[in-house]
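First the structure, in the form of structure tokens, and then the observations on it.
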Amino acid sequence: MPTLDQIRPGERATIAALQAEPALLQRLFEMGLLEGESV
1107 MPTLDQIRPG ERATIAALQA EPALLQRLFE MGLLEGESV
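See below:
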């Protein structure tokens, strides 16, 4: 499974899991990056 930094411009992926420090996770959630979302 690729990580977000491995997705090339124009490609789409679905977020399967998020792993980060609690403060960063909170910021990602605020930006709409949630498990199951397409990016």
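Going by the working numbering, the sequence shown wraps up at 1145, each residue one higher than the last. Note that CB positions come from ideal geometry on N, CA and C, so glycine has one too.
Alpha helix (DSSP H) segment containing Arg1118, residue limits: Element bounds for Arg1118: n/a, residue is neither H nor E.
Endpoints, alpha helix (DSSP H) assigned at Pro1128: If you look at Pro1128, you'll find it in the alpha helix (DSSP H) that goes 1128-1136.
Nearest to Ser1144 (by Cα), restricted to the options Asp1111, Gln1112, Glu1117: Glu1117
Own chain, CB closer than 8 Å to Thr1120, minus 5 neighbours either side, in chain order: Gly1142, Glu1143, Ser1144, Val1145
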